[in-house]
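First the structure, in the form of structure tokens, and then the observations on it.
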Amino acid sequence: MPTRNIRSKDAALQSLRNLTYIAIALAIIAIAMSGYSLMKAGKPVYLNRTVYVNGTKTANTIASYVKYNITSSLITPQYYLPKDPPITNATNATFGSTLAGLNTQLNASQLSIINNASLSNYEKAGMMYLNGSFGTLVDGNANNVPQFVVNGKPSVIYFGSITCVFCGENRWAMALALSRFGNFSTLFFGYSSIGDHDVPTIYWAPAQYNESGDDLGSFYNSRYINFIAIEDTDPITGGFNLNSFPQIRSRINYTVNLAYEDAISYILNLSNVPKTAFQGTPYTIWGASQMNGADSIDFGNTTGAQLGITTMTHQQILNEIANPSNQFGWLEYAGADIYIAMTCASINNSAPVCSLPAIRGIEKQNGY
Amino acid sequence: MQSENKARPGRLRILKDIFTSPAFIALFIVFAILYYFFIRYIITISSRGIFLISVPSYLLYLLSATSAVLLAASAYELRLSFRYRALALEDGAASVITTFAGSLVTSCGCSAPLLATILYGLGANVIGVSSAITFIAVNEVWLLGAVVIINLALAYYSLGKISRGCAIRKGKVVASPMKD
Numbered sequence: 006m007p008t009r010n011i012r013s014k015d016a017a018l019q020s021l022r023n024l025t026y027i028a029i030a031l032a033i034i035a036i037a038m039s040g041y042s043l044m045k046a047g048k049p050v051y052l053n054r055t056v057y058v059n060g061t062k063t064a065n066t067i068a069s070y071v072k073y074n075i076t077s078s079l080i081t082p083q084y085y086l087p088k089d090p091p092i093t094n095a096t097n098a099t100f101g102s103t104l105a106g107l108n109t110q111l112n113a114s115q116l117s118i119i120n121n122a123s124l125s126n127y128e129k130a131g132m133m134y135l136n137g138s139f140g141t142l143v144d145g146n147a148n149n150v151p152q153f154v155v156n157g158k159p160s161v162i163y164f165g166s167i168t169c170v171f172c173g174e175n176r177w178a179m180a181l182a183l184s185r186f187g188n189f190s191t192l193f194f195g196y197s198s199i200g201d202h203d204v205p206t207i208y209w210a211p212a213q214y215n216e217s218g219d220d221l222g223s224f225y226n227s228r229y230i231n232f233i234a235i236e237d238t239d240p241i242t243g244g245f246n247l248n249s250f251p252q253i254r255s256r257i258n259y260t261v262n263l264a265y266e267d268a269i270s271y272i273l274n275l276s277n278v279p280k281t282a283f284q285g286t287p288y289t290i291w292g293a294s295q296m297n298g299a300d301s302i303d304f305g306n307t308t309g310a311q312l313g314i315t316t317m318t319h320q321q322i323l324n325e326i327a328n329p330s331n332q333f334g335w336l337e338y339a340g341a342d343i344y345i346a347m348t349c350a351s352i353n354n355s356a357p358v359c360s361l362p363a364i365r366g367i368e369k370q371n372g373y
Numbered sequence: 336m337q338s339e340n341k342a343r344p345g346r347l348r349i350l351k352d353i354f355t356s357p358a359f360i361a362l363f364i365v366f367a368i369l370y371y372f373f374i375r376y377i378i379t380i381s382s383r384g385i386f387l388i389s390v391p392s393y394l395l396y397l398l399s400a401t402s403a404v405l406l407a408a409s410a411y412e413l414r415l416s417f418r419y420r421a422l423a424l425e426d427g428a429a430s431v432i433t434t435f436a437g438s439l440v441t442s443c444g445c446s447a448p449l450l451a452t453i454l455y456g457l458g459a460n461v462i463g464v465s466s467a468i469t470f471i472a473v474n475e476v477w478l479l480g481a482v483v484i485i486n487l488a489l490a491y492y493s494l495g496k497i498s499r500g501c502a503i504r505k506g507k508v509v510a511s512p513m514k515d
């Protein structure tokens with residue numbers, strides 16, 4: 006074989022080898038950085054910056070978060086979307102690919118299960134969480150952030166997607182938590198996208214389930230807190246999909262609602278700091294506590310090839326919430342307790358639910 | 336020289352040599368299982384302890400199997416001659432990298448803490464990260480298929496390298512010194 010061919014092949018081989026070593030090195034660096042980031046816990050990092058005020062150098066430690074204290078109305082959505090009507094028939098009732106009941110309102114007795122849930126359930130579930138009964142299925146780790154104050158009240162900000170499975174399973178716990186500080190005049194039955202496990206859930210407002218959009222607002226009222234809900238939408242028959250932040254921001258700006266415009270800006274601002282950076286949906290802020298992802302993972306009493314919750318109807322889930330009898334039901338309340346504890350810490354424990362011993366214990370244990 | 340060229344084994348011959356050896360079969364099975372559990376682990380830590388996937392399971396099995404083939408090939412290179420140690424290490428490393436990449440793709444859903452952390456660590460901003468998460472989640476199946484194809488391509492390339500560096504002597508594949 007000609008010597009020149011062998012030498013050129015050797016050179017190509019050496020190049021490939023070098024590329025591989027570089028790729029390995031980059032991968033190791035990336036893994037090390039991600040491991041370091043994952044290991045970080047506790048309070049946010051404040052950036053050291055030198056500030057000049059009127060030409061004079063002043064204190065050089067500034068929090069990297071922007072604070073909001075604004076006056077604004079909140080968005081109340083429409084009750085009915087002509088392009089996305091309620092699906093009342095159950096012709097496609099195969100679990101895992103059903104949309105039965107999508108966008109229908111909860112009736113009075115169903116709504117009452119959420120709005121009037123028994124305090125004893127919260128207490129019992131909270132104690133189970135403090136005793137470690139739920140293991141890693143409940144995570145109370147949160148990041149301390151400045152409160153987003155609107156009209157003199159701290160806010161709960163929710164950013165999620167109707168297509169997202171974790172948003173779907175966690176809205177039950179969120180609703181149970183919010184109901185302790187106020188009242189829902191209505192909620193809507195929904196699902197996560199069919200491609201993302203079709204988990205039965207509730208929506209804060211009727212969803213634009215046929216198109217790409219953003220559902221803003223809810224039918225929630227509270228004298229303690231604001232609830233700012235930003236729900237990204239994409240066709241429910243697909244899989245998980247999230248519109249880009251510029252697109253979401255543009256749609257929100259179109260509403261000319263200061264609370265929502267600033268809320269999305271706030272989320273983007275928090276994402277400049279690694280610990281509070283957006284890592285997926287749901288992304289929530291409860292008063293002075295920010296949480297990436299759902300606080301509890303409750304997919305039913307069986308997991309594996311098919312999630313237990315996907316074999317339940319909305320009514321069955323509500324029945325279990327009304328009278329919890331197994332892990333699924335208690336886990337919903339435990340997830341709610343975490344959110345309640347964060348909120349209580351932000352309102353000086355002024356709501357009745359804040360006096361529950363379990364809530365006080367969770368606040369203390371998790372350092373809210 | 337001509338007879339030596341004729342005695343060079345083809346890729347299929349190398350593959351047959353690997354998969355008729357009990358030791359390499361055992362190595363393949365062990366690493367296929369290990370890689371599968373590694374993929375499960377990555378997905379599980381991204382989903383808070385739940386093994387939650389939106390792709391067909393067979394794609395994960397394919398990913399594990401093709402990565403194990405790549406690893407078996409690298410072990411075969413090592414066995415042939417320590418002269419090929421560097422090449423063997425490349426293939427072994429490649430199998431780990433593709434398995435990890437496939438796991439990240441599969442673990443990507445509406446919540447992707449591991450992937451997001453890596454991307455932020457590499458300097459991406461929130462717009463880039465959310466776009467990447469969405470792109471990967473939407474195209475999961477295709478991307479996973481692409482990783483499997485990359486594994487197959489790397490295995491094909493690896494077998495070709497081995498083939499060029501070997502000869503058949505008395506019916507056995509042996510390392511053949513390269514001529515300058």
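Residue numbers (the working numbering), protein chains in the order written: chain P, 6 to 373; chain X, 336 to 515.
Note that CB positions come from ideal geometry on N, CA and C, so glycine has one too.
- Ranked by Cα distance from A32 (chain P), the first of X:I471, X:E475, X:L450, X:I349 is X:L450.
- Under the three-state reduction of DSSP output, F363 (chain X) falls in the helix class.
- Comparing alpha-carbon positions, the option among X:V461, X:Y371, X:T355, X:L413 lying closest to F435 (chain X) turns out to be X:Y371.
- Residue P:N74 holds the alpha-carbon nearest to the alpha-carbon of Y265 (chain P) among P:M132, P:N74, P:I29, P:T141.
- Its Cα nearest to that of A428 (chain X), the residue P:L21 stands out among P:C349, P:G173, P:L21, P:L107.
- Taking a Cβ-Cβ cut-off of 7 Å, the neighbours of E425 (chain X) in chain P comprise R22, T25, given in sequence order.
- The three-state reading of DSSP puts I167 (chain P) in coil, since its state is none of H, G, I, E or B.
- If you look at Q295 (chain P), you'll find it in the beta strand (DSSP E) that goes 294-297.
- Counted as a single uninterrupted DSSP element, the stretch harbouring L450 (chain X) is not any beta strand (DSSP E) but the alpha helix (DSSP H) occupying residues 448-456.
- For the pair I453 (chain X) and I36 (chain P), the Cα-to-Cα distance works out to about 7 Å.
- Here DSSP, grouped into helix, strand and coil, assigns I92 (chain P) to coil.
- Contacts with chain X (Cβ-Cβ distance below 9 Å) from the segment 139-155 of chain P involve G140, T141, L142, D144, listed in chain order.
- Straight through space, the alpha carbons of Q284 (chain P) and G340 (chain P) are spaced by roughly 20 Å.
- When the Cα atoms are used, E236 (chain P) and P362 (chain P) turn out to be separated by approximately 33 Å.
- Nearest neighbour of S166 (chain P) by Cα position, chosen from P:Y85, P:I207, P:N156, P:S160, turns out to be P:I207.
- When only Cα atoms are considered, S446 (chain X) and N175 (chain P) end up about 12 Å apart.
- Listed in chain order, the positions of the segment 263-289 of chain P with a beta carbon within less than 7 Å of a beta carbon of chain X are L273, S276, P279, A282, F283, Q284, G285, T286.
- For W209 (chain P), the closest of P:F232, P:S77, P:R256, P:V358 by C-alpha to C-alpha distance is P:F232.
- D201 (chain P) counts as buried, since no fewer than 16 other beta carbons sit within 10 angstroms of its beta carbon.
- Distance from the CA atom of G444 (chain X) to the CA atom of G366 (chain P), rounded to whole angstroms, is 33 Å.
- By the neighbour-count definition (other C-beta atoms within 10 Å, threshold 16), R228 (chain P) is an exposed residue.
- Note on the segment 167-208 of chain P: whole beta strand (DSSP E) runs with a minimum of 3 residues are 187-189, 193-196, 205-208, in chain order.
- In this model, L273 (chain P) and G495 (chain X) are separated by some 50 Å (Cα to Cα).
- Secondary structure at Q110 (chain P): strand, using DSSP grouped into helix, strand and coil.
- Spanning the alpha carbons of I302 (chain P) and S498 (chain X) requires a straight line of approximately 51 Å.
- In the assembly as shown, Y393 (chain X) is an exposed residue. Its beta-carbon has fewer than 16 other beta-carbons within 10 Å.
- For E216 (chain P), DSSP assigns no beta-bridge partner whatsoever.
- Contact annotation: the segment 342-360 of chain X does not touch the segment 147-166 of chain P, with fewer than three C-beta pairs closer than 8 Å.
- Using a Cβ distance threshold of 9 Å, Y288 (chain P) and L183 (chain P) do not count as a contacting pair.
- For K505 (chain X), the secondary structure class from DSSP, reduced to helix, strand or coil, is coil.
- The alpha carbon of A423 (chain X) has as its nearest neighbour, out of X:S430, X:E412, X:Y491, the alpha carbon of X:E412.
- According to DSSP, residue pairing for G285 (chain P) in a beta bridge involves X:S446.
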